[in-house]
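Participant: Sharing a structure with you now.
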Amino acid sequence: MFPRLIPTARTDPELAPFRSGLVFGFFNALTWQIGIGTPMVLFAEQLGATPFQVGLAYSFVFILTPIQIVSTALLPRHGYKRVMLGGWGMRSVFLAVPAVLAVLAPRVGPQAWMVDALVGSVFLFCFFRSIGAAAIIPWLYSILPIGVRGRYFASDQFISGVGGVGTLITSAALFALLPVYLALLLQYLIALAGSTLSFFALRRLPNAPNPTAISLVTVLRDTPRHMFAPTPFRRFLWLSVWVAVVTTSIPPFTAYYLKVGPALAAWEIMRFEVLRYLGVILGAWVIGRRIDATGARGFFLLAIGLYALVAMFWVFFLQTGAGGLGAIGAVYFVLGTGAACWNIAYLNYLPKLVPVEERTLMVAIYGAVTACLGGCSPIIWGIFLKSGSGPGPAIDVNVFIAFFVVALVSVVLLSPLIARLPEDTRTSPEPLIIGNALLRPFRAATYLANLIDLQSIRPPRAPSEPPAPPPKP
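Here our numbering = 1-based position in the sequence shown + 165.
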């Protein structure tokens, strides 16, 4: 059964004290779906952005992951709450820039500086988001009693899913019913309201004692060893980087192509995004119930197979135009399901590879390296996808076909390598839990990049829990 939306003292007295965190998850979904999702891509195209500018804006959330790791050093001095509120408060300011642009653009016409302003605002939004993101997961671990964590994160997934899909449907309706700039203005006002309300929800969460983080000296000393020493972790890390490089660019550039190529309406593209997230949600629900019994490797291969189907469809569609809107919707759904397969599989597989005493640093390395290098992909492909027909929004279809051919060849080469990954299905270490990031499979790895040892965090006892007896003399 689905978890209740908002727990109360009557329906769930253990979870009720932390319901403001669930409220945060709901309103935060309104923000990221618009501020760094497909509406941002469509706004950039409307202002005349090139594929490079779109890829650059989309990549910021990935390539700024090192800021998140460095920000972990702020937590022992300033604490979870101050760091999180500082980052989330500052990011809200920069959502006002696109709202102002949506007012100016229909009055004076799109200008080149407007694209630069939009890209710059996304950069600053992601910069301060990275600072805040360093605190959120260890903060939740530090305040949630162990017996409550499972229900909390399950509720967080559901509530964030409702908020995220609802935002996509609302965005599609606004694009369908209103002039494009008015629709964009209302969407960014929704994002700004969501960011503000999520900030005030965070303020209601209790603080926790300041943590002790791994020193940056230790990080600089041990990171090269973990990245390059011949171990199963190194093998899986670089296979994951390859997958991230192949897949990260698909969502922004397919949306951009559909807008400037077949010239689909923005509401139609947002409808496809709804299907993609429905694929994520369904995939997460089905896979999460089976992965403990079957192991992660099979779901890695399933994800690779679904990515191959996506690539084959786009190569065929770009050459022939066959299939129509129904086929595009289906392939969006498949893309979401494939992303959910890979995401849930690595969250279960990675703990099997890392020693307990080095888990924090190795998981942070995995998140930072896969996110950063995967995030470089939209920037590089954006350079080559620009059509030579002149300034403004355009895409070179032949290069876009080559993009999917490279993706298809990559997943074919990856398949036997992934099939040979070692996995002991007899052991089941606790999987990584990163909140509602399951609904953001292309950005989930960024939440792993912190240097706080979650296993060492001991939350306060529940009120009904008796104190531990003193040791016997």
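For each residue, glycine too, the CB sits at the ideal point set by N, CA and C. Being a predicted model, the structure only gives us computed values, none of them experimental.
(1) Between L518 and F393, which are expected to be in contact by the criterion C-beta below 8 angstroms, what is the C-beta distance as a whole number of angstroms?
(2) Can you round the beta-carbon distance between F208 and L349 to whole angstroms, since I take them to be within the 8 angstroms contact cut?
(3) Would you mind giving the Cβ-Cβ distance between G540 and I302, rounded to the nearest angstrom? I have them listed as a contact below 8 angstroms.
(4) Mind reading off the beta-carbon distance from V216 to G532? Whole number of angstroms is fine, and I expect it under 8 angstroms.
(5) Counting only runs of 4+ residues fully inside the segment 299-369, write out the alpha helix (DSSP H) ranges in chain order.
(6) What does the alpha-carbon distance come out to for the pair L163 and L347?
(7) Can you list, in chain order, the residues of its chain whose CB lies under 7 angstroms from that of Q352, leaving out five sequence neighbours each side?
(8) Is the number of C-beta pairs between the segment 265-282 and the segment 291-311 that are closer than 8 angstroms three or more?
(9) With 16 as the cutoff for other CB atoms within 10 Å, does W122 come out buried or exposed?
(10) Which residue spans inside the segment 195-222 form an unbroken alpha helix (DSSP H) run of at least 4?
(11) Here's the rule: buried if 16 or more other CB atoms are within 10 angstroms of the residue's CB, otherwise exposed. What is N563?
(12) With a threshold of 16 other CB atoms inside 10 Å of the CB of Q218, please say whether the residue is buried or exposed.
(13) Just mark S621 as buried or exposed, buried being the case when its beta carbon has 16 or more other beta carbons within 10 Å.
(14) So what's I560 in DSSP terms, helix, strand or just coil?
(15) Please classify D321 as buried or exposed, where buried requires at least 16 neighbouring CB atoms within 10 angstroms.
(16) Which residues mark the beginning and the end of the alpha helix (DSSP H) in which Q233 is found?
(17) Which residue marks the beginning of the alpha helix (DSSP H) containing G426, and which one marks its end?
(18) Which residue or residues does DSSP assign as beta-bridge partners of K551?
(19) Nearest-angstrom Cα distance between A614 and T485?
(20) Look at the Cβ atom of A504, then the Cβ atom of V571, and state whether they are nearer than 9 angstroms.
(21) For M166 and V313, what's the separation of their Cα atoms in angstroms?
(22) Thinking C-beta only, is L443 closer than 9 angstroms to I434?
(23) Hey, could you find the ends of the alpha helix (DSSP H) Q276 is sitting in?
(24) Given A642, which residues of its chain have a CB within under 7 angstroms of its CB, disregarding the five upstream and five downstream residues?
(25) If you draw a straight line from the C-alpha of P168 to the C-alpha of F183, how long is it?
(26) Can you give me the start and stop residues for the alpha helix (DSSP H) that G503 sits inside?
(27) What separation, rounded to the nearest whole angstrom, lies between the Cα atoms of V480 and F569?
(28) Which residue marks the beginning of the alpha helix (DSSP H) containing Q620, and which one marks its end?
Facilitator: Walking through what the data contain:
(1) About 15 angstroms separates the two Cβ atoms, so there is no contact after all.
(2) 5 angstroms
(3) 20 angstroms between Cβ atoms; not a contact.
(4) Rather than Val, the amino acid found at residue 216 in this sequence is Pro. Contact doesn't hold; Cβ gap of about 27 angstroms is too wide.
(5) 311-342 and 345-368
(6) Because residue 163 is not part of the residues shown, which for the chain are 166 to 638, the question remains open.
(7) I199, P204, S336 and L339
(8) no
(9) Outside the shown range of the chain, which is 166 to 638, sits residue 122, and nothing can be said about it.
(10) 203-211
(11) exposed
(12) buried
(13) exposed
(14) strand
(15) buried
(16) T230 to S236
(17) Looking at the DSSP string, G426 is not in any alpha helix (DSSP H), and its letter there is neither H nor E.
(18) I560
(19) 42 angstroms
(20) no
(21) Reliability of the predicted coordinates at M166 is poor, the pLDDT of 39 falling under 50, and the value obtained from them is presented with this limitation in mind. Approximately 17 angstroms, taken between the alpha carbons.
(22) no
(23) Here Q276 belongs to no alpha helix (DSSP H), and DSSP marks it neither H nor E.
(24) No answer is possible for residue 642: the residues shown for the chain start at 166 and end at 638.
(25) Reliability fails at P168, whose pLDDT of 46 lies under 50, so the model's placement of it is uncertain and no value is given.
(26) G489 to L518
(27) 6 angstroms
(28) Where Q620 is concerned, there is no enclosing alpha helix (DSSP H), given that its DSSP letter is neither H nor E.
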